[in-house]
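Protein chains in written order, with my numbering: chain Z, 148 to 258; chain W, 2 to 120. Written below as C-alpha cells is the structure these notes are about.
Here it is in C-alpha cells:
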C-alpha cells in the first residue's frame, strides 16, 4: 500500500506547548504535503516539501523530510487552541497522478 | 481567496437510487479530484480528471461511479445505484497543475464536502 502510518493517532497538549506529528510512507515520493481538517470540514493545505528538500518552515510550522527513512514530521510551535484539528500527511508517489492521504493525527490543544 | 464549491452540503438517498454530487472547481484549475471520507476514517482517493478524461482511479471507483465535466465549470460525481457503504463525506478538489515534481502550485484546494447518507 502507498499509504503509510501517522503517529500518534491522537495528541492532546496544553496551549503554548509544541506539537509534533510524524508520518511514514512506503514508496518513493515526488513530494509530501501536510493538510489540516477541522471537524466536518474540507482539508486545507498547510505546507509542501519536495523530495530533494530536508526542512521547510511556514510561520509556526516546521516540516522535515527524511527520504532515507521514508518519514516526515510536522512541528507546530507555541500551539493555540485554534490549532485543534486533524492533521494529515499526503504523498505524491513517483509516476502517480494522485495524492494519497495517511490516517491523520487528531490534535487537541487544551486552553 | 478563490474556493471550490460543493453542492449540496447534505444528501440523503435511498439505497439503489442514483445521486449526483456537484462541484465547481477554481476557475483556472485544470486538474480535478474526488475523495471520500467515511466517518472517523482516512481520506480516500477516488478519481482524478484532466482534459475531459480520467487520469487515475482507485479500486473504490467501480462501474457504479462516473465523473463528468458537463459545461466547463461544473465537475460532477455520479453514483448510479447507491449502497449503504457509500455513506461518507465526499470531497471535490482541484489543482492548477498536476501533482508531480517540477511543477508549481501542486497543492490541492478542497471543497467543504457533501455528506451523503444512504438509507
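C-beta: ideal position from N, C-alpha, C; glycine also.
Whole-angstrom Cβ separation of residue 195 (chain Z) and residue 108 (chain W), contact assumed at under 8 Å?
For the purposes of this step, residue 195 (chain Z) is taken as residue 48 along the first chain, with counting starting at 1. For the purposes of this step, residue 108 (chain W) is taken as residue 107 along the second chain, with counting starting at 1. Indeed they touch by this definition, with Cβ atoms about 6 Å apart.
Just the C-alpha distance for residue 176 (chain Z) and residue 42 (chain W), rounded to the nearest angstrom, thanks.
Locating residue 176 (chain Z) in the first chain gives position 29, counting from the first residue. Locating residue 42 (chain W) in the second chain gives position 41, counting from the first residue. Cα to Cα, the separation comes out at about 23 Å.
Taking contact to mean at least 3 C-beta pairs separated by less than 8 Å, is the stretch 20-36 of chain W in contact with the stretch 205-222 of chain Z?
No, the stretch 20-36 of chain W is not in contact with the stretch 205-222 of chain Z.
Given this structure, state the Cα-to-Cα distance separating residue 204 (chain Z) from residue 211 (chain Z), to the nearest angstrom.
Along the first chain, read from residue 1 onward, the residue named residue 204 (chain Z) stands at position 57. Along the first chain, read from residue 1 onward, the residue named residue 211 (chain Z) stands at position 64. Near 9 Å, if we compare the C-alpha coordinates of residue 211 (chain Z) and residue 204 (chain Z).
So is residue 173 (chain Z) buried or exposed if we call it buried at 16+ other beta carbons inside 10 Å?
As a first step, residue 173 (chain Z) must be located in the first chain, where it is residue number 26. The residue in question, residue 173 (chain Z), is exposed, as its Cβ has fewer than 16 Cβ neighbours within 10 Å.
Is DSSP giving residue 213 (chain Z) helix, strand or coil here?
Locating residue 213 (chain Z) in the first chain gives position 66, where the first residue counts as 1. Strand at residue 213 (chain Z).
Is the closest heavy atom of the ligand SAH to the C-beta of residue 210 (chain Z) under 7 Å?
As far as ligands go, the structure on display features none, and thus does not contain the ligand SAH.
Which term fits residue 79 (chain W), buried or exposed, when burial requires 16 or more other beta carbons within 10 angstroms of its beta carbon?
In the second chain, residue 79 (chain W) corresponds to position 78, counting from 1. With fewer than 16 Cβ atoms within 10 Å of its Cβ, residue 79 (chain W) is classed as exposed.
Considering only residues of the same chain and omitting the five flanking positions on each side of residue 59 (chain W), which have a CB-CB separation below 8 Å?
Here residue 59 (chain W) refers to the residue found at position 58 when the second chain is read from its first residue. Cβ neighbours of residue 59 (chain W) beyond the five flanking positions: 45, 46, 47 and 48.
Output the boundary residues of the beta strand (DSSP E) element that contains residue 196 (chain Z).
Sequence index remark: in the first chain, residue 196 (chain Z) carries index 49 (1-based). Run containing residue 196 (chain Z): 190-197, per the beta strand (DSSP E) assignment.
Indicate whether the contact test is met: 3 or more Cβ pairs, each with one atom in the stretch 77-91 of chain W and one in the stretch 51-68 of chain W, closer than 8 Å.
A contact exists between the stretch 77-91 of chain W and the stretch 51-68 of chain W.
Excluding the five sequence neighbours on either side, which residues of its own chain have a C-beta within less than 7 Å of the C-beta of residue 15 (chain W), listed in chain order?
Here residue 15 (chain W) refers to the residue found at position 14 of the second chain. These residues qualify, in order along the chain: 120.
Under 8 Å, do residue 169 (chain Z) and residue 198 (chain Z) count as touching if we go by C-beta distance?
For this step, residue 169 (chain Z) is matched to residue 22 along the first chain. For this step, residue 198 (chain Z) is matched to residue 51 along the first chain. Cβ distance not < 8 Å, so residue 169 (chain Z) and residue 198 (chain Z) don't count as in contact.
Whole angstroms is fine: what's the gap from residue 247 (chain Z)'s alpha carbon to residue 163 (chain Z)'s?
Taking the first residue of the first chain as 1, we reach residue 247 (chain Z) at position 100. Taking the first residue of the first chain as 1, we reach residue 163 (chain Z) at position 16. If I take the Cα positions, the gap works out to 31 Å.
Look up residue 40 (chain W) in the DSSP assignment and say whether it is helix, strand or coil.
In the second chain, counting from the first residue as 1, residue 40 (chain W) sits at position 39. DSSP places residue 40 (chain W) in coil when its eight states are reduced to three.
Within the same chain, show all residues whose beta-carbon is closer than 8 Å to that of residue 230 (chain Z), passing over the 5 residues directly before and after it, in chain order.
In the first chain, counting from the first residue as 1, residue 230 (chain Z) sits at position 83. Hits under 8 Å: 166, 223, 254 and 256.
Measure the beta-carbon distance from residue 38 (chain W) to residue 89 (chain W) and round it to whole angstroms, keeping in mind my assumption that it falls under 8 Å.
Residue numbering aside, residue 38 (chain W) sits at position 37 when the second chain is read from its first letter. Residue numbering aside, residue 89 (chain W) sits at position 88 when the second chain is read from its first letter. About 6 Å separates the two Cβ atoms, so the contact holds.
Would you call residue 3 (chain W) buried or exposed, if buried means 16 or more other Cβ atoms sit within 10 Å of its Cβ?
Within the second chain, numbered from 1, the residue matching residue 3 (chain W) stands at position 2. Burial call: exposed.
Flag this pair as yes or no: are the beta carbons of residue 114 (chain W) and residue 12 (chain W) separated by less than 8 Å?
The sequence position of residue 114 (chain W) within the second chain is 113, counting from 1. The sequence position of residue 12 (chain W) within the second chain is 11, counting from 1. No, Cβ-Cβ distance for residue 114 (chain W) and residue 12 (chain W) is not below 8 Å.
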